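First up is the structure itself, then whatever we jot down about it.
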Amino acid sequence: MEAVVEKKKTKKLNYKKKQGILGTLFISPYALAFLTFIVIPVFMGIFLSFTAFDLIRMPKFIGFNNYINLLTADDVFMQKVIPNTIKFAFFTGPIGYLLAFLLAWLLAQIPQKSRTVLALLIYSPSLTAGVAMGVMWKIIFSGDQSGYLNAMLLNMRMIEQPIQWLTDPKYLMTVMIIVTIWGSMGIGFLAMLAGVLNINPELYEAAYVDGMSNKFQEIIYITIPSMKPQMLFGAVMSIVGTFNAGAIGVILSGTNPTPQNAGQLIVTHIDDYGFIRYDMGYAAAISVMLLLLVYLMGKLAKSLFQEKE
Amino acid sequence: MASLGGTKINPSKFHYSQLKFYFILVPVALIMALPIVYIFSHAFKPIEELFLWPPKFLVRRPTLKNFKDLMQTTSTAVPMARYLFNSVAITLGLVFVSIVISTMAGYALSKLEFKLKKPLLILNNIALMFVGASVVIPRYLVVEKLGLLDNFLVYILPTVAMPVGLFLVKQFIDQIPQDLLEAARIDGASDLRIYWSIILPLIKPAIATIAIVSFQMAWNDAGIANLYIDNEALKNFAFYMSTLTTQTNIVTGQGMAAAAALIMFIPNLVIFIILQRNVMNTMAHSGIK
Chain A
183 MEAVVEKKKT KKLNYKKKQG ILGTLFISPY ALAFLTFIVI PVFMGIFLSF
233 TAFDLIRMPK FIGFNNYINL LTADDVFMQK VIPNTIKFAF FTGPIGYLLA
283 FLLAWLLAQI PQKSRTVLAL LIYSPSLTAG VAMGVMWKII FSGDQSGYLN
333 AMLLNMRMIE QPIQWLTDPK YLMTVMIIVT IWGSMGIGFL AMLAGVLNIN
383 PELYEAAYVD GMSNKFQEII YITIPSMKPQ MLFGAVMSIV GTFNAGAIGV
433 ILSGTNPTPQ NAGQLIVTHI DDYGFIRYDM GYAAAISVML LLLVYLMGKL
483 AKSLFQEKE
Chain B
130 MASLGGTKIN PSKFHYSQLK FYFILVPVAL IMALPIVYIF SHAFKPIEEL
180 FLWPPKFLVR RPTLKNFKDL MQTTSTAVPM ARYLFNSVAI TLGLVFVSIV
230 ISTMAGYALS KLEFKLKKPL LILNNIALMF VGASVVIPRY LVVEKLGLLD
280 NFLVYILPTV AMPVGLFLVK QFIDQIPQDL LEAARIDGAS DLRIYWSIIL
330 PLIKPAIATI AIVSFQMAWN DAGIANLYID NEALKNFAFY MSTLTTQTNI
380 VTGQGMAAAA ALIMFIPNLV IFIILQRNVM NTMAHSGIK
């Protein structure tokens with residue numbers, strides 16, 4: 183009898199061991215790529231941010247100097263990059279996110295066939311992400327009179343001179359925001375659409391019996407609380423999307439720095455110092471600030487939507 | 130209770146009370162699609178229509194000349210077909226490899242017990258907020274150290290670990306009941322067998338989603354070619370396209386650029402239409418809890 187129990191135990195132990203080996207084996211390829219190209223670069227970035235480094239000589243440790251310079255001596259950073267980033271992030275982040283939720287909610291109110299077509303049209307800009315998008319907008323906003331928008335406005339006599347949409351500091355930021363929101367109905371938008379559609383309809387019925395009387399209450403008391411996890415996923419995607427879209431100003435205007443730094447964001451500021459001035463330590467310090475910023479925003483989103491356990 | 134009719138989410142058929150939603154959605158959808166329609170039309174415009182003033186939105190007499198010009202262009206050292214071939218090879222490679230490693234990792238993180246599982250899960254969830262642009266420089270140093278500069282593998286290795294992709298697959302596998310796997314185990318199936326004959330067939334929607342995400346990443350990206358590749362014969366189509374548009378003020382260049390943008394866009398659209406049902410199915414489990 184005892185021997186049987188013993189045998190069972192070793193069998194179970196063996197099994198656990200086997201599972202451990204297979205688990206480690208299965209996770210390794212991903213973990214290896216993840217460590218090599220995401221985790222290690224992040225730590226290298228943190229290390230480099232405390233050095234002076236120009237890619238040729240060895241990095242020289244200089245303590246917090248890069249951060250001190252960034253916060254006290256970098257006029258462009260303080261006067262242009264930070265205000266620009268706040269403005270850009272506000273419009274493409276929260277506003278774009280709200281828009282994505284509203285569109286997802288509206289789409290959930292109509293039958294499936296027409297919903298699929300309309301959702302595809304709204305999602306289609308995300309399919310052109312990157313270069314193709316830049317091309318289209320450059321043609322449309324082109325600064326001479328053959329630019330489509332200029333020609334249209336000239337033709338309707340709303341303006342007299344073609345406007346330099348992409349090189350005039352007055353307009354660049356607005357164009358950047360429009361283009362980014364246009365392209366931001368991506369994976370987060372799809373997640374929220376799926377979230378609205380998967381809410382149990384009985385919840386609504388019960389709430390109406392309890393005296394709920396309109397669509398607005400429906401959204402506040404039923405829809406959003408029932409799809410918090412998707413709302414959070416959408417928010418995280420929106421934050422990351424906003425900061426990843428940072429190069430749009432450079433793509434549109436064709437120069438880095440952008441004309442009079444009008445479209446300079448944190449991401450383009452990094453490229454400016456890293457790949458144009460070869461001040462890698464300084465660029466790394468800006469990168470660390472960016473990562474911190476994104477992380478804090480993510481925390482904020484989590485505190486809004488995460489369910490307490 | 131009649132009032133409940135108008136408040137239905139996901140209604141089964143059209144009702145005049147839905148008109149107000151269409152009233153907002155249709156214009157929005159049209160505005161979103163407008164630039165894409167413009168590219169379609171621009172790509173087929175003959176040269177005199179590209180020069181036409183005021184420019185017309187839609188093409189009058191469509192021609193394939195822009196595409197022919199694109200094929201025959203001699204502005205670069207290698208023919209266009211080479212860039213296109215590179216893009217196809219890179220895309221197929223990345224899609225295949227990321228499906229394999231994400232499903233393996235997703236299965237391990239969701240259903241297997243092993244050391245370091247917890248920290249890896251936490252790390253991957255933090256990495257959802259990872260902004261690639263912030264590590265361009267250290268990543269360049271890593272790529273250089275590994276000898277991947279001017280190497281075709283550089284298109285695949287640095288992007289193959291996709292935190293969002295793994296997250297979606299893992300969430301999807303979480304939905305598969307443990308009982309089902311236990312039953313298979315009692316019948317004598319090994320964990321490897323379970324992965325192959327139970328998990329993979331059940332998570333087809335999640336696989337489709339990974340396929341789309343990695344497809345878009347590989348097909349649309351010009352950054353890698355720009356940063357890590359010097360050899361013109363190894364560059365991809367997205368990069369080639371970005372070189373076309375540095376000369377946007379030349380009207381003929383516009384026609385070619387639009388044709389190239391269309392070539393970029395069509396595969397994206399076709400693949401999404403084929404897989405969209407699967408993607409929506411995966412997104413239903415996308416929530417962060």
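Chains as they are written, first to last, in our numbering: chain A, 183 to 491; chain B, 130 to 418.
Quick reminder that beta carbons are idealized off the backbone N, C-alpha and C, glycines included.
Here the structure is a predicted model, which is why all the values come from computation and not from measurement.
For residue j and residue i, the rounded distance between their alpha carbons
i, j, result
"L473(A)", "L309(A)", "26 Å"
"T218(A)", "L288(A)", "43 Å"
"M315(A)", "D316(B)", "53 Å"
"L336(A)", "W319(A)", "18 Å"
"K242(A)", "S231(A)", "10 Å"
"I468(A)", "I448(A)", "7 Å"
"N443(A)", "I268(A)", "14 Å"
"F169(B)", "L148(B)", "30 Å"
"I327(B)", "A256(B)", "29 Å"
"M374(A)", "L181(B)", "43 Å"
"A413(B)", "M240(A)", "50 Å"
"T349(A)", "P265(A)", "19 Å"
"Y353(A)", "M340(A)", "16 Å"
"S435(A)", "P330(B)", "47 Å"
"Q201(A)", "A158(B)", "49 Å"
"L302(A)", "N248(A)", "46 Å"
"V419(B)", "S343(B)", "No answer is possible for residue 419(B): it lies beyond the span of chain B, which begins at 130 and ends at 418."
"L207(A)", "F216(A)", "15 Å"
"D461(A)", "D454(A)", "9 Å"
"L275(B)", "V298(B)", "29 Å"
"S146(B)", "A388(A)", "22 Å"
"I138(B)", "G480(A)", "30 Å"
Any C-beta of chain A under 8 Å from that of residue i
i, result
"D198(B)", "no"
"G222(B)", "no"
"M370(B)", "yes"
"P306(B)", "no"
"S343(B)", "no"
"F139(B)", "It is Asn, not Phe, that sits at residue 139(B) in the sequence shown. It does: the Cβ of N139(B) has a partner Cβ on chain A nearer than 8 Å."
"N378(B)", "Note that N378(B) scores a pLDDT of 49, beneath 50, so its modelled location is shaky; the value from the coordinates is reported in the next line. Interface residue, yes."
"M71(B)", "The first residue shown for chain B is 130 and the last is 418, placing residue 71(B) beyond what the model contains."
"K126(B)", "The question about residue 126(B) has no answer, for chain B in this structure spans 130 to 418."
"V264(B)", "yes"
"I417(B)", "yes"
"A354(B)", "no"
"K247(B)", "no"
"D359(B)", "no"
"E178(B)", "no"
Test: residue i CB closer than 8 Å to a CB of chain B
i, result
"P307(A)", "yes"
"I321(A)", "yes"
"I381(A)", "yes"
"I264(A)", "no"
"E342(A)", "no"
"K198(A)", "yes"
"Q446(A)", "no"
"Y477(A)", "yes"
"P441(A)", "no"
"Q346(A)", "no"
"E384(A)", "no"
Cβ-Cβ distance between residue i and residue j below 8 Å
i, j, result
"A237(B)", "I209(A)", "yes"
"V476(A)", "M209(B)", "no"
"A387(B)", "I321(A)", "yes"
"M367(A)", "Y305(A)", "yes"
"P175(B)", "K197(B)", "no"
"G456(A)", "V166(B)", "no"
"P293(A)", "K240(B)", "no"
Chain E contact residues for residue i, given Cβ-Cβ distances below 9 Å
i, result
"K364(B)", "Annotation note: the requested chain E is absent from the structure, which comprises protein chains A and B."
Taking Cβ-Cβ distances below 8 Å as the criterion, which residues of the region 395-408 of chain B are in contact with chain A? N397, L398, F401, I402, Q405 and V408
Positions along the region 266-278 of chain B whose CB lies within less than 7 Å of some CB in chain A: I266, P267, R268, L270 and V271
Any chance the region 330-349 of chain B sits against the region 221-228 of chain B, with 3 or more Cβ pairs inside 8 Å? yes
Using 8 Å as the Cβ pair cut-off and three pairs as the minimum, do the region 252-266 of chain A and the region 360-378 of chain A touch? They do not touch, by the three-pair rule.
Could you say if the region 418-431 of chain A and the region 393-409 of chain A meet the contact criterion of at least three C-beta pairs nearer than 8 Å? no
If contact means a Cβ-Cβ distance below 9 Å, which residues of the region 309-328 of chain B contact chain A? R314, S319, D320, L321 and Y324
By the 9 Å beta-carbon criterion, what residues does the region 210-227 of chain A contribute toward chain B? Answer in chain order: S210, P211, Y212, A213, L214, A215, F216, L217, T218, F219, I220, V221, I222, P223, V224, F225, M226 and G227.
Short of 8 Å Cβ to Cβ, which residues in the region 276-287 of chain A face chain B? L285
Would you call the region 392-405 of chain B in contact with the region 384-397 of chain A, where contact means no fewer than 3 C-beta pairs closer than 8 Å? no
For the region 366-379 of chain A, enumerate the residues whose C-beta is nearer than 8 Å to any C-beta of chain B, in chain order. Those would be M367, I369, L372, A373, L375, A376, G377, V378 and L379, in chain order.
Taking three-plus beta-carbon pairs below 8 Å as touching, is the region 302-320 of chain B in contact with the region 245-255 of chain B? Using a Cβ-Cβ distance cut-off of 8 Å, the region 302-320 of chain B and the region 245-255 of chain B are not in contact, since fewer than three pairs of beta carbons, one from each stretch, lie closer than that value.
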